[in-house]
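Trainee: Read the sequence shown against full-length UniProt numbering and you will find it ends at 562, with the numbers running on by one and no gaps. In this text, a Cβ means the ideal position worked out from N, Cα and C, and glycines have one as well.
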Amino acid sequence: MLFYDFEVFANDWLVVIADTDNQSEKVFVNNEQALIDYYHEHKNDIWIGYNSRHYDQFILKAIICGFTPQAINEWIIIDHQPGWKFYKDFWKIQLYNFDVMTNKFRSLKQLEGFQGHDIRETSVSFNISRELAEEEIEEVIKYCRHDVHETMHIFMETITEFESQVELLKMFNLPLRNISKTKAQLSAFILDAKQPAVPRDDEFDFTFPDTLQINKYTEVLDFYKENKDYNKVLELNVAGVPHLFAWGGLHGARNNYYSEGYFLNIDVESYYPALMIEYDYLSRNVKDPAKFREVRDTRLKYKAAKDKRQAPLKIVINGTYGAMKDKYNGLYDPLMANNVCIGGMTLLLDLIEKLEPHCEIIQSNTDGVLVKLRHYDDYDLIDDICYEWEQRTRMGLEFDEFVKVIQKDVNNYILVDAEGNYKSKGAYVKKLNPLDYDLPIVNEAVVNYFVKGIDPEETIFNCTELVKFQKIVKISSKYSHARYGTRRMNEKVFRVFASIDENDKQLCKVKDGVAEKIAYVPERCFIENGDIKDMKVPGKLDYWWYWTLANKRIDDFLGEDK
Numbered sequence: 001m002l003f004y005d006f007e008v009f010a011n012d013w014l015v016v017i018a019d020t021d022n023q024s025e026k027v028f029v030n031n032e033q034a035l036i037d038y039y040h041e042h043k044n045d046i047w048i049g050y051n052s053r054h055y056d057q058f059i060l061k062a063i064i065c066g067f068t069p070q071a072i073n074e075w076i077i078i079d080h081q082p083g084w085k086f087y088k089d090f091w092k093i094q095l096y097n098f099d100v101m102t103n104k105f106r107s108l109k110q111l112e113g114f115q116g117h118d119i120r121e122t123s124v125s126f127n128i129s130r131e132l133a134e135e136e137i138e139e140v141i142k143y144c145r146h147d148v149h150e151t152m153h154i155f156m157e158t159i160t161e162f163e164s165q166v167e168l169l170k171m172f173n174l175p176l177r178n179i180s181k182t183k184a185q186l187s188a189f190i191l192d193a194k195q196p197a198v199p200r201d202d203e204f205d206f207t208f209p210d211t212l213q214i215n216k217y218t219e220v221l222d223f224y225k226e227n228k229d230y231n232k233v234l235e236l237n238v239a240g241v242p243h244l245f246a247w248g249g250l251h252g253a254r255n256n257y258y259s260e261g262y263f264l265n266i267d268v269e270s271y272y273p274a275l276m277i278e279y280d281y282l283s284r285n286v287k288d289p290a291k292f293r294e295v296r297d298t299r300l301k302y303k304a305a306k307d308k309r310q311a312p313l314k315i316v317i318n319g320t321y322g323a324m325k326d327k328y329n330g331l332y333d334p335l336m337a338n339n340v341c342i343g344g345m346t347l348l349l350d351l352i353e354k355l356e357p358h359c360e361i362i363q364s365n366t367d368g369v370l371v372k373l374r375h376y377d378d379y380d381l382i383d384d385i386c387y388e389w390e391q392r393t394r395m396g397l398e399f400d401e402f403v404k405v406i407q408k409d410v411n412n413y414i415l416v417d418a419e420g421n422y423k424s425k426g427a428y429v430k431k432l433n434p435l436d437y438d439l440p441i442v443n444e445a446v447v448n449y450f451v452k453g454i455d456p457e458e459t460i461f462n463c464t465e466l467v468k469f470q471k472i473v474k475i476s477s478k479y480s481h482a483r484y485g486t487r488r489m490n491e492k493v494f495r496v497f498a499s500i501d502e503n504d505k506q507l508c509k510v511k512d513g514v515a516e517k518i519a520y521v522p523e524r525c526f527i528e529n530g531d532i533k534d535m536k537v538p539g540k541l542d543y544w545w546y547w548t549l550a551n552k553r554i555d556d557f558l559g560e561d562k
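If you want it as structure tokens, here you go:
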């Protein structure tokens with residue numbers, strides 16, 4: 001495997017390539033022929049990069065095809081055009097490219113920052129119009145090498161993505177070139193889905209499931225029958241809970257809800273794939289719909305046996321619905337996507353309607369409902385109601401029991417079970433990981449308070465790891481630069497900490513000469529963009545800023561305005 005990263009300037013370009021097979025490195029600077037020769041030696045290897053699907057692979061292909069890196073760089077970066085449109089024969093260049101970028105809204109520098117790694121950037125500006133000096137080239141190589149190594153770190157953190165994709169190719173005997181495809185593209189390829197020669201014009205000719213039984217909330221059915229506008233939504237009180245019905249699912253929750261008792265989280269198993277199978281809502285572009293059922297059934301068998309082979313099949317199953325709404329995908333079929341979405345919402349409303357007289361509805365979402373039992377003895381009654389719904393709709397339900405619910409709104413909640421384990425969702429309380437590690441001490445303080453009854457002051461003031469107090473800030477392209485006090489900053493990504501030192505300043509973002517505040521950045525902060533993995537908290541850290549923020553978030557959950 002090769003990990004690679006390109007840097008392109010007005011009159012120079014370079015690429016750093018790390019070969020993991022023999023633990024060697026190659027650097028090419030303004031030497032097209034040497035790079036082309038290297039490519040031919042390694043054209044059967046897998047080339048791995050960050051955002052390489054949209055950028056680096058096209059720089060390489062452009063060089064191979066005789067174009068300048070500057071031309072394709074300008075096409076992608078300045079003109080905001082997709083690389084594949086630059087030259088019609090790019091697809092003929094064999095390149096097994098795998099992109100480790102899993103979130104298009106996160107830059108490589110942000111992910112480096114979350115991990116506590118060095119995020120300092122080269123001082124060599126990409127706006128330099130002259131040829132770079134030798135020392136400038138060396139500095140760019142140093143930082144490019146750093147990014148290649150960071151890409152390797154991210155690859156290891158997300159290696160299951162790669163392993164699943166490789167296993168999928170093996171399962172279906174697909175050529176290695178398919179390693180470059182997105183999950184949605186792979187789903188279409190495996191299901192042999194191709195769009196019709198003449199586009200259909202029936203996007204809103206959807207039908208409700210023939211098993212649907214809604215007697216009380218019929219205005220929801222009327223809303224979808226009469227509405228052909230994706231921007232319209234229906235707000236409705238369902239079972240005492242404010243609900244929103246739209247074209248992407250239903251959502252409803254009791255805001256600022258905090259209670260203990262007997263709770264059941266009722267989820268529909270593999271809901272959207274099941275709807276596609278049982279109600280013939282699969283994309284009409286699929287050559288053999290039975291193959292989709294076969295893939296789903298095989299995955300469920302593997303999942304029950306705790307067989308790792310379930311993971312690659314999940315790519316096909318879960319990628320299909322999204323692909324049905326992508327007009328560039330072979331699975332594109334907006335009518336069937338609407339059938340799945342509306343069918344899923346209305347069948348879930350059907351279940352809520354049946355449950356409503358016998359329990360308290362706490363929350364509902366796209367594929368499930370959370371209820372509170374009036375008495376634990378009501379479990380069998382609820383189970384019977386759910387069983388009738390399952391038999392009638394041909395869907396399957398999964399139950400999870402909880403004893404405490406803390407809910408800010410539909411997108412932010414904590415569910416705690418009898419053993420003290422918890423499930424959470426939302427920016428305030430989500431479980432963090434090395435590639436999503438922003439203000440971790442605040443998340444920890446909020447969760448500890450609600451789950452374990454620990455005072456936020458104890459969690460925050462007893463922590464000595466600096467990385468837990470980090471706030472990673474990215475200045476978007478909408479802004480010209482960042483400003484720290486009165487000093488213009490050239491970097492785009494910063495790691496900031498609240499400070500009690502009066503010599504420290506505020507970090508702002510600047511647009512059209514006007515400075516704007518950055519969310520969750522304290523009025524006085526210090527910046528540490530070096531590696532901080534093993535650093536301890538310095539004396540100037542403002543613990544109280546984090547304590548105040550944690551308490552505000554706790555109040556937000558409880559609906560208390562202080």
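1. Residues in its own chain within less than 6 Å of ASP438 by CB, not counting five upstream and five downstream?
2. Does DSSP put ILE159 in a helix, in a strand, or in coil?
3. Note the first and the last residue of the continuous beta strand (DSSP E) segment covering LEU14.
4. Express the C-alpha separation of ILE266 and GLY396 in angstroms, rounding to a whole number.
5. Would DSSP call ALA193 helix, strand or coil?
6. Taking its Cβ as the centre, do 16 or more other Cβ atoms sit within 10 Å of GLN391, making it buried, or is it exposed?
7. What number of angstroms, rounded off, separates the C-alpha of ASN412 from the C-alpha of TYR449?
8. What span of residues does the alpha helix (DSSP H) with ILE385 cover, start to end?
9. What first and last residue would you give for the alpha helix (DSSP H) that runs through GLY344?
10. Which residues in the same chain have their Cβ closer than 6 Å to the Cβ of LYS287, if we skip the five residues on either side of it in sequence?
11. Taking the continuous alpha helix (DSSP H) assigned at TRP545, which residues delimit it?
12. Going by other Cβ atoms of all chains shown within 10 Å of its Cβ, with 16 needed for buried, is ASN173 buried or exposed?
13. With DSSP run on the structure shown, which of helix, strand or coil describes residue 564?
14. Would LYS536 and PHE526 be called neighbours here (beta carbons separated by less than 8 Å)?
15. Can the beta-carbon of ASN51 be found less than 8 Å from the beta-carbon of ASP118?
16. Put LEU111 into one of helix, strand or coil per three-state DSSP.
17. Could you tell me if LYS325 is buried or exposed, where buried requires 16 or more neighbouring beta carbons within 10 angstroms of its beta carbon?
18. Taking the continuous beta strand (DSSP E) assigned at LEU370, which residues delimit it?
19. Just to confirm the assignment, what range does the beta strand (DSSP E) spanning ILE93 have?
20. Given a threshold of 16 other Cβ atoms within 10 Å of its Cβ, counted over all protein chains shown, does TRP545 qualify as buried or as exposed?
21. Going by DSSP, what residues sit across from VAL473 in a beta bridge?
22. From ARG254 to ASP400, what distance separates their C-alpha atoms?
23. Verify whether the separation of the beta carbon atoms of VAL124 and VAL16 is less than 8 Å.
24. Just verifying my parser: in three-state terms, what is the DSSP assignment at TYR50?
25. Considering only their Cβ atoms, is the gap separating ALA311 from THR160 smaller than 8 Å?
26. What is the DSSP secondary structure of TYR413, reduced to helix, strand or coil?
27. Candidates ASP89, HIS146, PHE28, PHE162: which alpha carbon is nearest ILE315's?
28. Is the region 264–282 close to the region 359–372, with three or more CB pairs under 8 Å?
29. Along the chain, where does the alpha helix (DSSP H) that runs through GLY261 open and close?
30. Which residue marks the beginning of the beta strand (DSSP E) containing PHE3, and which one marks its end?
Mentor: From the atom records:
1. ILE472, listed in sequence order.
2. Residue state, collapsed to three classes: helix.
3. In the DSSP annotation of this structure, the continuous segment of the beta strand (DSSP E) that includes LEU14 starts and ends at 13–19.
4. Answer to the nearest angstrom: the Cα atoms are 10 Å apart.
5. Correct three-state label for ALA193: strand.
6. GLN391 sits exposed, since fewer than 16 C-beta atoms from the chains shown fall within 10 Å of its C-beta.
7. In a straight line, the C-alpha of ASN412 is about 15 Å away from that of TYR449.
8. First-last of the alpha helix (DSSP H) with ILE385: 379–393.
9. Where GLY344 is concerned, the enclosing alpha helix (DSSP H) stretches over 334–355.
10. Only ASP192 meet the Cβ criterion.
11. 543–558 is the span of the alpha helix (DSSP H), which, as asked, contains TRP545.
12. Exposed is the call here.
13. Given that the chain is displayed from residue 1 to residue 562, the structure contains no residue 564 and the question cannot be resolved.
14. One thing to note: LYS536 has its Cβ no nearer than 8 Å to the Cβ of PHE526.
15. Not closer than 8 Å, so no.
16. Assigned with DSSP and collapsed to three states, LEU111 falls in helix.
17. Classified as buried, LYS325 has 16 or more neighbouring CB atoms from the shown chains inside 10 Å of its CB.
18. From DSSP, the beta strand (DSSP E) with LEU370 extends over 368–373.
19. Segment: none, ILE93 is in no beta strand (DSSP E) and carries neither H nor E.
20. Around the beta-carbon of TRP545, 16 or more other beta-carbon atoms lie within 10 Å, marking it buried.
21. VAL473 is bridged to PHE494.
22. Rounded to the nearest angstrom, the two C-alpha atoms are 19 Å apart.
23. VAL124 places its beta carbon 8 Å or farther from that of VAL16.
24. Secondary structure at TYR50: coil, using DSSP grouped into helix, strand and coil.
25. Pairing THR160 with ALA311 gives a Cβ-Cβ distance under 8 Å.
26. It is a strand residue.
27. Closest by alpha carbon: PHE162.
28. Output reads yes: the region 359–372 touches the region 264–282.
29. Segment 257–268 is the beta strand (DSSP E) holding GLY261; no alpha helix (DSSP H) there.
30. Counting along the chain, the beta strand (DSSP E) containing PHE3 begins and ends at 2–8.
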